[in-house]
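Chains as they are written, first to last, in the numbering used here: chain A, 2 to 371; chain B, 2 to 371. For glycine and all other residues, C-beta sits at the position ideal for the given N, C-alpha and C.
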């Protein structure tokens, strides 16, 4: 059965079942007959992983030992994210698509089998829990050789609507506490598939960095009566020198205390908790700033920059009035032949050392001719 | 003037001033006439960096913009960590050495010029502070092509005594709150000098990861009345399956909730707060387990493993009864041709995904024939 749903901006979502029971969702600018069938033989699916508590810092670590055998940088002729062709059957049964989201075949986190509850952290004697959650793959375009920055504005609009839709649906799952859509790009950071795509991680727990942001935002609200992120944006607007792009609804800046040679935060001027709360006007104005930022980033050295672009949202159930939606892009590239590595200070101590002033990278990003 | 000091185990330290005013310390098994003079022309030293507060997580980021031009993987003929020869004047004026520690020429953190105080974190309006602290380089051997695992037990004993000595001296500085000796090894993690060496970072603030460990250990002590790290070690001894080496005074294990494909914690069985508190017997028994662990690590795939080996100590002034000394070795190598990368989940969300079970890597480490 083909299920279609009308979303905003005339975008339609069509859900289809894959051969092994996973779901694939087509996001289209016009209603398409998405009837192609996944004809592949069903392979055994990995079992659920473990969630273990690192007692020294009270943080969950997901164990996904089944992922060791993942495919590594296949050529276009074998790419599982291209549309299915006569000579290649892929993850996407149809012969064309705009944006698709499907359940990851080797997920780090999986929906729990039974009624789900996170064990209570209590030091080294905490029993392990299930690595519950959900991992999805989102393909930005059927064109294998393209990048995010090459997408048309209308394609970025579809992509944003897909992120919004997934945030809305995943927020309804009782075992999901936090949703993080992100894109990893570049072999330098370990990307195993070069086809333009991202991932959506929906965690059964609040990830450590979000938990820290939440604790700090709560302290700030309690003592200052204000939302910390709004004050941070106000400071960036006041300082001006680290702003690299803006339009009527969005602003992009290199944060005052960046941790990476190139770090950009993109945030709506009308603050919201998550993607689902974005107004339609905000959504329509996102493609222009998103494409400008990505083109500036690739323009700095005239090479494709390795980056992680992650949506920070408020968690599903807590801190909805404390944290704000922003898109954080970080690149470890500090010069054409040089990367920043997280070594002893960053990795073992968590203490970041920046080799570039944020004002310098902001200037370099602004100077790029588009 | 030559200043020598007698340390434990018959080891002598001799301090010398370098041409630009920095200090170099020779650690020798017998008193040597360390009179060689640094004849180099003095180059301008970098100015002190900035410390900026990342308000979203209340963490300090050190800005060291002067470090961009560092030398990158020089060949042996140009190595600044080799002893000075007729044809090469290096950072070490003498023509031979055992272990030396000298002030880093491009430090991320520097002693403050004036009376020093960390600004109080108060959100986005916190004014920047000085990137205060001290960065030192420690050379393990004059032999350029060697590794830690090739050192003799007596050399490792000297190395440990140098770490102890630096911890003791740096702890006396009023602007230093935390001391972290570590070694980065391998081009895969960005090492710029292949000569066997480590670094000592002495921070004017408690690094974020240590702060988190401290907060969790305090919670645990308050509720359970015990030191968390001791309970963690007790659990590892009880579980047994992740222990990879032990002797009368030390134990080495892969922790229950490892974050890296190969992660090893080495800790004295008689728990202490920092290196300076190690008994002489503990110090004498360290070389055998340290060398065993490093040989096991390189033996797993028969190749030199990239790793970070960092000493976790209690901070200088706080949490002395809450945190315990341990040596944490982490490797991102998960197979001969494969590295683990910190991508979206780890880097943006702080949520670690492990592709290997800790019990598996412990078994691989144990199976190495020494």
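Neighbouring residues, chain A, relative to residue 64 of chain B (Cβ below 7 Å): Taking the second chain and counting its residues from 1, one reaches residue 64 of chain B at position 63. Against chain A, the beta carbon of residue 64 of chain B has neighbours under 7 Å at 355, 358, listed in chain order.
Amino acids of chain B, ordered along the chain, whose beta-carbon sits closer than 7 Å to that of residue 225 of chain A: Sequence index remark: in the first chain, residue 225 of chain A carries index 224 (1-based). Going along chain B in sequence order, the residues near residue 225 of chain A (Cβ under 7 Å) are 124.
Any C-beta of chain B under 9 Å from that of residue 179 of chain A: Mapped onto the first chain, residue 179 of chain A falls at position 178. At least one chain B Cβ lies under 9 Å of residue 179 of chain A.
Status (buried if at least 16 other CB within 10 Å, exposed otherwise) for residue 346 of chain A: Translated into the one-based positions of the first chain, residue 346 of chain A becomes position 345. By the neighbour-count criterion, in which a residue is buried when 16 or more other Cβ atoms sit within 10 angstroms of its Cβ, residue 346 of chain A is buried.
Chain B contact residues for residue 222 of chain A, given Cβ-Cβ distances below 9 Å: As a first step, residue 222 of chain A must be located in the first chain, where it is residue number 221. Correct list: empty, because the minimum Cβ distance to chain B is about 10 Å.
C-beta neighbour in chain B for residue 315 of chain A, strict 9 Å: Position 314 of the first chain, counting from 1, holds the residue named residue 315 of chain A. Answer no: the Cβ-Cβ gap between residue 315 of chain A and chain B never drops below 9 Å.
6 Å Cβ shell around residue 300 of chain A - same chain, five flanking residues per side excluded: The sequence position of residue 300 of chain A within the first chain is 299, counting from 1. Counting only Cβ-Cβ distances below 6 Å, and skipping sequence neighbours, we find 369.
Residue 134 of chain B versus residue 206 of chain B: straight-line alpha-carbon distance, rounded: Residue mapping note: residue 134 of chain B aligns to position 133 of the second chain, counting from 1. Residue mapping note: residue 206 of chain B aligns to position 205 of the second chain, counting from 1. The alpha-carbon of residue 134 of chain B is positioned some 8 Å away from that of residue 206 of chain B.
Cut-off 7 Å between Cβ atoms - residues of its own chain near residue 63 of chain A, not counting five sequence neighbours on either side: Within the first chain, the letter at position 62 stands for residue 63 of chain A. Once the five neighbours on either side are set aside, the close Cβ partners of residue 63 of chain A are 50, 52, 109, 110, 132.
N- and C-terminal bounds of the beta strand (DSSP E) containing residue 64 of chain B: Start at 1 with the first residue of the second chain, and residue 64 of chain B comes out as number 63. Here the beta strand (DSSP E) through residue 64 of chain B covers 60-64.
Candidates B:14, B:356, B:349: closest to residue 260 of chain A by CA position: Here residue 260 of chain A refers to the residue found at position 259 when the first chain is read from its first residue. Here the closest residue by C-alpha is B:349.
Buried versus exposed, by CB contacts within 10 Å (16 or more), residue 144 of chain A: Translated into positions along the first chain, residue 144 of chain A becomes position 143. Taking a 10 Å sphere around the C-beta of residue 144 of chain A, we find fewer than 16 other C-beta atoms and assign the residue as exposed.
Inter-stretch contact at 8 Å, needing at least 3 Cβ pairs: the stretch 225-245 of chain B / the stretch 318-331 of chain B: Counting C-beta pairs closer than 8 Å gives three or more between the stretch 225-245 of chain B and the stretch 318-331 of chain B, which meets the contact rule.
Where residue 264 of chain B falls: helix, strand or coil (DSSP): Taking the first residue of the second chain as position 1, residue 264 of chain B is located at position 263. Three-state result, residue 264 of chain B: strand.
Distance cut-off 8 Å: residue 355 of chain A Cβ against heavy atoms of the ligand ATP: With respect to the ligand ATP, the structure offers nothing, as it holds no ligand at all.
Opening and closing residue of the alpha helix (DSSP H) in which residue 232 of chain A lies: Numbered from 1 along the first chain, position 231 holds the residue referred to as residue 232 of chain A. Per DSSP, residue 232 of chain A belongs to the alpha helix (DSSP H) from 229-240.
Within-9 Å CB hit, residue 232 of chain B to chain A: Within the second chain, numbered from 1, the residue matching residue 232 of chain B stands at position 231. Yes, residue 232 of chain B counts as interfacial toward chain A.
Of the residues A:277, A:153, A:40, the one placed nearest residue 315 of chain A, counting alpha carbons only: The residue given as residue 315 of chain A occupies position 314 in the first chain. Closest by alpha carbon: A:277.
Contact under 9 Å by Cβ, residue 58 of chain A with residue 217 of chain B: What you label residue 58 of chain A is simply residue 57 of the first chain in a count that begins at 1. What you label residue 217 of chain B is simply residue 216 of the second chain in a count that begins at 1. Going by C-beta atoms, residue 58 of chain A is nearer than 9 Å to residue 217 of chain B.
Contact between the stretch 19-36 of chain A and the stretch 172-189 of chain A (3+ Cβ pairs under 8 Å): no
Spatial distance of residue 241 of chain B from residue 354 of chain A (CA atoms): In the second chain, residue 241 of chain B corresponds to position 240, counting from 1. In the first chain, residue 354 of chain A corresponds to position 353, counting from 1. Taking the straight line joining both Cα atoms gives about 38 Å.
Three-state secondary structure (DSSP) of residue 285 of chain B: On the second chain, position 284 is the one that residue 285 of chain B refers to. Residue state, collapsed to three classes: helix.
Residue 258 of chain A versus residue 252 of chain B - alpha carbon distance: Locating residue 258 of chain A in the first chain gives position 257, counting from the first residue. Locating residue 252 of chain B in the second chain gives position 251, counting from the first residue. Rounded to whole angstroms, residue 258 of chain A to residue 252 of chain B spans 39 Å at the Cα level.
Three-way DSSP call (helix, strand, coil) for residue 202 of chain B in this model: Start at 1 with the first residue of the second chain, and residue 202 of chain B comes out as number 201. Three-state DSSP puts residue 202 of chain B in a strand.
Which listed residue (B:265, B:286, B:209, B:328) has its alpha carbon closest to that of residue 297 of chain B: Counted from its first residue, the second chain places residue 297 of chain B at position 296. Looking from the CA of residue 297 of chain B, the closest CA among B:265, B:286, B:209, B:328 belongs to B:265.
Length of the line joining the Cα atoms of residue 364 of chain B and residue 246 of chain B: On the second chain, residue 364 of chain B is found 363 positions in, with the first residue counted as 1. On the second chain, residue 246 of chain B is found 245 positions in, with the first residue counted as 1. Approximately 11 Å, taken between the alpha carbons.
Where residue 209 of chain B meets chain A, residues with beta-carbon distance less than 8 Å: Within the second chain, residue 209 of chain B is the residue found at index 208, counting from 1. Those are 350, 351, 352, listed as they occur along chain A.
Where residue 210 of chain A falls: helix, strand or coil (DSSP): Locating residue 210 of chain A in the first chain gives position 209, where the first residue counts as 1. If DSSP states are grouped into helix, strand and coil, residue 210 of chain A belongs with the helices.
Nonlocal neighbours in the same chain, by C-beta distance under 6 Å from residue 19 of chain B, ignoring five residues either side: The count along the second chain starts at 1 and reaches residue 19 of chain B at position 18. Around residue 19 of chain B: 25, 39.
The stretch 140-160 of chain A in contact with the stretch 80-91 of chain A per 3-pair CB rule at 8 Å: yes
Beta carbon proximity, residue 341 of chain B to chain A, threshold 9 Å: One-based indexing of the second chain puts residue 341 of chain B at position 340. For residue 341 of chain B, the answer is yes, since a Cβ of chain A falls inside 9 Å of its Cβ.
For residue 14 of chain B, the nearest candidate out of B:248, B:249, B:282, B:101 (CA to CA): Start at 1 with the first residue of the second chain, and residue 14 of chain B comes out as number 13. Answer by Cα proximity: B:101.
Separation of residue 185 of chain B from residue 179 of chain B, as counted between CA atoms: As a first step, residue 179 of chain B must be located in the second chain, where it is residue number 178. As a first step, residue 185 of chain B must be located in the second chain, where it is residue number 184. In this model, residue 179 of chain B and residue 185 of chain B are separated by some 19 Å (Cα to Cα).
Collapsed DSSP secondary structure at residue 28 of chain B in the structure displayed: Start at 1 with the first residue of the second chain, and residue 28 of chain B comes out as number 27. In the structure shown, residue 28 of chain B sits in a strand (DSSP, three-state: E or B).
Closer than 9 Å to chain B by CB, residue 55 of chain A: Position 54 of the first chain, counted from the start, is the residue given in the question as residue 55 of chain A. At least one chain B Cβ lies under 9 Å of residue 55 of chain A.
Amino acids of chain A, ordered along the chain, whose beta-carbon sits closer than 7 Å to that of residue 329 of chain B: Walking along the second chain from the start, residue 329 of chain B turns up at place 328. The contacting residues are 349.
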